[in-house]
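Chemist:
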Amino acid sequence: MKQKQLNTIMNKAQDICSQSGGRLTEKRKRILELLLVSNTPQSAYEVADAYNKSAETSMPPMSVYRILDFLESEQLVHKLSSANKYVACSHIACSHTHEIPQFLICGKCQNVKEIAIAKRIIEELDMQVEDAGYKLINSQLELQCLCDNCLVSAA
Ligand SMILES: [Zn+2]
Ligand SMILES: [Zn+2]
Ligand SMILES: [Zn+2]
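End of the sequence shown sits at 268 in the working numbering; the numbers just go up one at a time, nothing left out.
Take a look at the structure:
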């Protein structure tokens, strides 16, 4: 990611936080940056490791978890429940409202692509779940895939 692009995203992230009354502190910023420049999802421990390598004062994993929680509540990062790892949102610099994300996860190189689920699919899913007597709590989808690159190299 180019520095200019990163700056644009970080400025927007700052706006999103101040609009919701949250504060994007230096530490929170740094953690978000680490996820933005990472190509693959990171566990909280991996994020803590990367942070501690680059900062003068080290941060315990518990604090990293809290920061990730905050960033998640602002929809700046997403948690992939299937892998228990975190990715930066791909739509921070976008002006549209955030939709329910669907994550395409490459099983080979772990690259993740965030796309939005079509509304009618969520509605259908919701109905199916309701028919079964359950209630859908989280409609985020995580799909195991092969990315473009890995498809080409597998052929
Ligand atoms: Zn997102
Ligand atoms: Zn977008
Ligand atoms: Zn791949």
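Each residue gets a CB set at the ideal place from its N, CA and C atoms; glycine is no exception.
Going by other Cβ atoms of all chains shown within 10 Å of its Cβ, with 16 needed for buried, is Asn-224 buried or exposed?
Modeler: Under this definition Asn-224 is a buried residue.
Chemist: Determine the burial state of Lys-232: buried for a count of at least 16 other Cβ atoms within 10 Å of its Cβ, exposed for fewer.
Modeler: By the 10 Å Cβ count, Lys-232 comes out exposed.
Chemist: For Leu-149 versus Ile-122, is the C-beta spacing smaller than 8 Å?
Modeler: Cβ atoms of Leu-149 and Ile-122: closer than 8 Å.
Chemist: Out of curiosity, what's the CA-to-CA distance linking Leu-260 and Lys-198?
Modeler: The sequence shown places Cys at residue 260, not Leu. Near 18 Å, if we compare the C-alpha coordinates of Lys-198 and Cys-260.
Chemist: Report back the beta-carbon spacing between Val-190 and Leu-184 to the nearest angstrom; my notes put them in contact at under 8 Å.
Modeler: Contact holds; Cβ gap of about 4 Å.
Chemist: What is the rounded straight-line gap between the Cα of Ser-203 and the Cα of Leu-119?
Modeler: Approximately 12 Å, taken between the alpha carbons.
Chemist: Assign Glu-243 to one of two classes, buried (16 or more other C-beta atoms within 10 Å of its C-beta) or exposed (fewer than that).
Modeler: Result: exposed.
Chemist: Could you give the DSSP three-state label for Ile-213: helix, strand or coil?
Modeler: Note: Ile-213 maps to coil in three-state DSSP.
Chemist: When we look at the beta-carbon of Leu-147 and count the other beta-carbons within 10 Å, is it buried (16 or more) or exposed?
Modeler: Burial call: buried.
Chemist: Tell whether a beta-carbon distance below 8 Å holds between Ile-250 and Glu-187.
Modeler: No, Cβ-Cβ distance for Ile-250 and Glu-187 is not below 8 Å.
Chemist: So what does Cys-202 bridge to, in DSSP terms?
Modeler: None; Cys-202 has no bridge partner.
Chemist: For the putative contact between Tyr-164 and Ile-144, defined by C-beta atoms under 8 Å, what is the C-beta separation to the nearest angstrom?
Modeler: That pair is a contact at about 6 Å.
Chemist: On the three-state DSSP scale, how would you describe Gln-188?
Modeler: If DSSP states are grouped into helix, strand and coil, Gln-188 belongs with coil.
Chemist: Compute every distance between the C-beta of Cys-207 and the non-hydrogen atoms of ligand 3, then say whether any falls below 7 Å.
Modeler: Answer for Cys-207: no, Cβ out of range of ligand 3.
Chemist: If you draw a straight line from the alpha carbon of Gly-134 to that of Gln-127, how long is it in whole angstroms?
Modeler: If you take the alpha carbons of Gly-134 and Gln-127, they lie about 10 Å apart.
Chemist: Would you mind working out which of Ile-230, Ala-206 and Cys-222 sits nearest Pro-214, comparing C-alpha positions?
Modeler: Comparing Cα positions, the closest option is Ile-230.
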